[in-house]
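Asks: Each number in this note's numbering corresponds to the 1-based position in the sequence shown with 61 added.
Got a structure for you, questions after.
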Amino acid sequence: MPLLPPPCQPNPFSHLTAVEKAELRRRPRTKLYKKGEFIFLSDDLVKGIYWVKCGIVKISQTLGERAVTIRFATKDEWIGHPSIFTSNTSGGTAHAREKTIAHFVSTNLLHHFFMST
């Protein structure tokens, strides 16, 4: 059963209108990830966030020697967003649990978008 995202990390995009969300989705780069393929790894430099168009993405962290599942992201969910506000590196690992299409939105585009609204 999928885990819910931690309550201390609310979706920073929940306040956006449907039009604003559509604008963010219109511009990004899209990539197809095969089952098992990594989208980002823990300690990768954060260069943006991802919006899952379809598929299932597992987000996990390594605690000690054990990998712990943080949550599963599915259609219309954002991944990677906690890291863009808290650090320069990704705090977790994301990999496709099945064929997944994800849109990448760069931090530069996010900065431009938020500064112009």
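Glycine included, every Cβ here is placed at the ideal spot set by N, Cα and C.
Could you check if Gly-125 is buried or exposed, using at least 16 other CB atoms within 10 Å of its CB as the buried criterion?
Replies: exposed
Asks: Determine the direct distance from the alpha carbon of Arg-127 to that of Thr-168, and round the result to whole angstroms.
Replies: 30 angstroms
Asks: Considering only residues of the same chain and omitting the five flanking positions on each side of Ile-131, which have a CB-CB separation below 7 angstroms?
Replies: Here the set comprises Leu-64, Ile-120, Ser-121, Gln-122, Gly-153.
Asks: Once the 5 residues before and after Ala-134 are set aside, which same chain residues still bring their CB inside 7 angstroms of it?
Replies: Val-113, Val-118, Ile-120, Ile-140
Asks: Tell me whether Thr-161 is buried or exposed, calling it buried when 16 or more other Cβ atoms sit within 10 Å of its Cβ.
Replies: buried
Asks: Determine the extent of the beta strand (DSSP E) in which Gly-109 is found, giving its start and end residues.
Replies: Annotation for Gly-109: the continuous beta strand (DSSP E) segment containing it runs 109-115.
Asks: Kindly indicate which residue of Tyr-111, Ser-103, Pro-143, Glu-138 has the alpha-carbon position closest to the one of Val-129.
Replies: Per the Cα distances, Ser-103.
Asks: Taking the alpha carbon of Phe-165 as the reference point, which residue from Arg-158, Val-107, Leu-77, Lys-95 has its own alpha carbon closest?
Replies: Val-107
Asks: Pull up the distance between the alpha-carbon of Tyr-94 and that of His-173, whole angstroms please.
Replies: 27 angstroms
Asks: Using only the alpha-carbon positions, how far apart do Phe-99 and Ala-157 sit?
Replies: 6 angstroms
Asks: With Thr-91 as the anchor, note down where its beta strand (DSSP E) starts and where it stops.
Replies: Judged by DSSP secondary structure, Thr-91 falls within the beta strand (DSSP E) whose first and last residues are 90-94.
Asks: Name the DSSP bridge partner or partners of Lys-119?
Replies: Phe-133, His-156
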